[in-house]
Amino acid sequence: MSQDLIARFTADADILHKLTAGLTREQLTAFPVPGTWSMQQLVVHLLDSDLIAVHRMKRIIAEEAPLLISYDETAFAARLHYHGLDTLTVCELFRLNRLHMGEILRNLPALAFDRHGIHNQRGKVTLREMLELYVHHVDHHLPFAEAKRKKLGAPLAR
931 MSQDLIARFT ADADILHKLT AGLTREQLTA FPVPGTWSMQ QLVVHLLDSD LIAVHRMKRI
991 IAEEAPLLIS YDETAFAARL HYHGLDTLTV CELFRLNRLH MGEILRNLPA LAFDRHGIHN
1051 QRGKVTLREM LELYVHHVDH HLPFAEAKRK KLGAPLAR
């Protein structure tokens, strides 16, 4: 089961490149769906979430029941100047982060996926659960990205 999850986690390494392909800077920073994030904010959110998730996973692997602290994604989007970031760098960092963590995960014994940390809001979370959560995190945001692209007149190529 863990190897399948790892494969799914790494299979999405290029997803941000796909979500942003062919979009202009104006399209990336536009708000085609009122009341939601721009495509740029969405892809940077996915990167930030993954960076945080990988940090948490590494701590679960290396430490005994580490405390995993939540973060405010809205504050990140508001204060970290998401629209000023280079989209290509964001996409490439996401790709490399996923591939790097996949390599670490593939080298673990099966029992390592039962190791856990303590999330300050969710409570006990195992490495397997953390991996599942971040495999599904991209799936969760994909329909929003597709809706944005459609409204921008640049539907996602399948």
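Per the working numbering, residue 931 is the first one in the sequence shown, and the count goes up by one each step.
Think of the CB as a built atom: it goes at the ideal place given N, C-alpha and C, for glycine as much as any other residue.
- prompt: Which residue spans inside the region 1003-1083 form an unbroken beta strand (DSSP E) run of at least 3?
  reply: 1046-1049, 1053-1056
field: Close Cβ partners of Q1051 (< 7 Å) along its chain, the five nearest in sequence each way excluded
entry: S1000
- prompt: In terms of residue numbering, what span does the alpha helix (DSSP H) encompassing D881 cover?
  reply: Outside the displayed range of the chain (931 to 1088) lies residue 881, so it cannot be described from this structure.
Contact between the region 1011-1021 and the region 968-978 (3+ Cβ pairs under 8 Å): yes
- prompt: Can the beta-carbon of V973 be found less than 9 Å from the beta-carbon of F1006?
  reply: no
task: Please work out which residues of its chain come closer than 7 Å, Cβ to Cβ, to G952, disregarding the five sequence neighbours upstream and downstream, and give them in chain order.
output: A1084
Cross-strand partners of L981 (DSSP beta bridge): According to DSSP, L981 bridges with nothing at all.
field: Option nearest A992 by Cα separation, candidates Q933, V1065, M1060, G1047
entry: G1047
query: Just to confirm, are I945 and V1065 a CB contact at a threshold of 9 Å?
result: no
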